[in-house]
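> In this note's numbering, the protein residues as written are 3 to 269.
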Ligand SMILES: NC(=O)c1ccc[n+]([C@@H]2O[C@H](COP(=O)([O-])OP(=O)(O)OC[C@H]3O[C@@H](n4cnc5c(N)ncnc54)[C@H](OP(=O)(O)O)[C@@H]3O)[C@@H](O)[C@H]2O)c1
């Protein structure tokens with residue numbers, strides 16, 4: 003019997019309260035017993051952990067057959083968080099660790115991407131754990147207000163004509179659910195790049211929605227001073243590096259693997 007048929011043991015989604023985690027939990031709804039592993043418990047049944055210290059991890063992963071690991075955004079030391087979670091997963095006898103990485107992880111100009119490359123290496127070289135890596139490109143939902151029609155203007159800290167292979171979070175989550183349900187027997191050792199259906203600029207994305215949306219480029223500093231107030235200095239530096247990279251190179255990724263895993267083209 004493949005793991006796709008076993009519903010008994012749980013699947014822990016670390017980062018379940020975040021944007022990505024909520025999509026993965028929704029995609030697993032009705033397929034598996036899902037454990038929401040969060041920083042701050044909001045609902046009964048949530049498992050609270052602190053990835054910085056490892057507090058709560060052993061309990062959160064105990065008895066789970068798989069874990070989907072989503073790190074906090076632009077963390078100053080993501081590899082340390084991953085290492086801690088891998089040790090807890092190994093101690094708990096978790097059979098499959100799926101790591102939510104990013105497309106183009108080894109991009110020296112973007113330190114938070116390089117950290118994800120390091121995390122992938124931690125996973126592959128840890129020993130004794132079966133693993134899969136998902137590498138999604140930028141989410142279309144980063145422009146949620148454009149997609150839902152509530153935005154009339156967008157301020158960007160990079161060229162509005164830089165192109166991206168935007169992915170829909172629901173598609174990424176559907177692939178995550180498939181990988182988790184089919185399990186390590188099918189997906190151990192695999193790294194899947196997940197790019198959207200086409201290379202699209204933010205200007206083109208805005209042109210496609212119903213109402214008119216104006217797009218204006220502002221400096222990185224201006225954008226950070228308005229939208230990045232809650233970030234640490236390190237977080238600001240990491241985001242700034244990402245925006246400068248986007249301005250020069252965009253961020254695209256292939257979609258053939260995505261289509262194959264979805265059984266249809268990505269949206
Ligand atoms: N945005 C994109 O286009 C994109 C594309 C590819 C990959 N990614 C990656 O996807 C990941 C998730 O992004 P997201 O936008 O979904 O993030 P998010 O909404 O900010 O969610 C991150 C979650 O991390 C949790 N968290 C923060 N500090 C923690 C700690 N010390 N211990 C335990 N949990 C902690 C928070 O939990 P609480 O809410 O409970 O505090 C939060 O819900 C990031 O690593 C990002 O790099 C993003």
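In this text, a Cβ means the ideal position worked out from N, Cα and C, and glycines have one as well.
Taking only heavy atoms of ligand 1 into account, decide whether any of them is closer than 7 Å to the Cβ of residue 229.
Along the chain shown, read from residue 1 onward, the residue named residue 229 stands at position 227. No; taking the cut-off as 7 Å, the Cβ of residue 229 has no heavy atom of ligand 1 nearer than that.
> Tell whether a beta-carbon distance below 8 Å holds between residue 139 and residue 253.
Counting from 1 along the chain shown, the entry for residue 139 is found at position 137. Counting from 1 along the chain shown, the entry for residue 253 is found at position 251. The answer is yes: Cβ separation under 8 Å.
> Using C-beta distances below 7 Å, list every residue in its chain close to residue 192, excluding the 5 sequence neighbours before and after it, in chain order.
Locating residue 192 in the chain shown gives position 190, where the first residue counts as 1. Closer than 7 Å at the Cβ level, and outside the excluded window around residue 192, lie 134.
> Closest to residue 128 by C-alpha separation, out of 161, 90, 142, 159, would be which residue?
By 1-based counting over the chain shown, the position of residue 128 is 126. Nearest of 161, 90, 142, 159 to residue 128, Cα basis: 90.
> Helix, strand or coil for residue 23? Go by DSSP, reduced to three states.
Taking the chain shown and counting its residues from 1, one reaches residue 23 at position 21. Helix at residue 23.
> Mind listing, in chain order, the continuous alpha helix (DSSP H) runs of no fewer than 4 residues lying wholly within the region 49 to 120?
59 to 63, 80 to 94
> Starting from residue 237, trace the alpha helix (DSSP H) in both directions and tell me its first and last residue.
Indexing the chain shown from 1 puts residue 237 at position 235. Looking at the DSSP string, the run of the alpha helix (DSSP H) that includes residue 237 is 235 to 251.
> Helix, strand or coil: which one does DSSP assign to residue 37?
On the chain shown, position 35 is the one that residue 37 refers to. In the structure shown, residue 37 sits in a strand (DSSP, three-state: E or B).
> Taking 7 Å as the line, does the beta carbon of residue 246 fall inside it for any heavy atom of ligand 1?
Taking the first residue of the chain shown as 1, we reach residue 246 at position 244. The answer is no for residue 246.
> For the region 128 to 187, which segments carrying the alpha helix (DSSP H) assignment without a break, of at least 4 residues, lie completely within its bounds, in sequence order?
146 to 149, 171 to 184
> Give the straight-line distance between the Cα atoms of residue 31 and residue 126, rounded to the nearest whole angstrom.
Numbered from 1 along the chain shown, position 29 holds the residue referred to as residue 31. Numbered from 1 along the chain shown, position 124 holds the residue referred to as residue 126. Spanning the alpha carbons of residue 31 and residue 126 requires a straight line of approximately 29 Å.
> If the criterion is Cβ atoms closer than 8 Å, does the pair residue 41 and residue 186 meet it?
If you number the chain shown from 1, residue 41 lands on position 39. If you number the chain shown from 1, residue 186 lands on position 184. No.
> Given that a residue counts as buried once 16 or more other Cβ atoms are within 10 Å of its Cβ, and exposed if not, what is residue 218?
Working through the chain shown from its first residue, we reach residue 218 at position 216. By the 10 Å Cβ count, residue 218 comes out exposed.
> Please confirm if the region 147 to 162 is in contact with the region 223 to 234, defined as three or more CB-CB distances below 8 Å between the two stretches.
Yes, the region 147 to 162 is in contact with the region 223 to 234.
> Is there contact between the region 231 to 243 and the region 202 to 217, where contact requires at least three CB pairs shorter than 8 Å?
no
> Inspect the CB distances between the region 116 to 123 and the region 80 to 96 and report whether three or more fall short of 8 Å.
With the cut-off at 8 Å, the region 116 to 123 and the region 80 to 96 touch.
> Looking only at its chain, what residues have a beta carbon closer than 7 Å to the beta carbon of residue 66, apart from the 5 residues adjacent to it on each side?
Position 64 of the chain shown, counted from the start, is the residue given in the question as residue 66. 11, 12, 13, 14, 37, 94, 96.
> May I have the straight-line CA-CA distance separating residue 48 from residue 16, to the nearest angstrom?
The residue given as residue 48 occupies position 46 in the chain shown. The residue given as residue 16 occupies position 14 in the chain shown. Each residue's Cα considered, the two are about 11 Å apart.
> Is the distance from the Cβ of residue 2 to the Cβ of residue 100 below 8 Å?
Residue 2 cannot be examined here, being either before or after the span of the chain that is shown, 3 to 269.
> Are the CB atoms of residue 240 and residue 114 nearer to each other than 8 Å?
Here residue 240 refers to the residue found at position 238 when the chain shown is read from its first residue. Here residue 114 refers to the residue found at position 112 when the chain shown is read from its first residue. Yes, these two residues count as a Cβ contact at 8 Å.
> Taking the alpha helix (DSSP H) that residue 258 belongs to, which residues open and close that run?
Taking the chain shown and counting its residues from 1, the one referred to as residue 258 is at position 256. 258 to 264 is the span of the alpha helix (DSSP H), which, as asked, contains residue 258.
> Is it buried or exposed, residue 265, if we count other Cβ atoms within 10 angstroms and call 16 or more buried?
Indexing the chain shown from 1 puts residue 265 at position 263. Its Cβ having fewer than 16 others within 10 Å, residue 265 is exposed.
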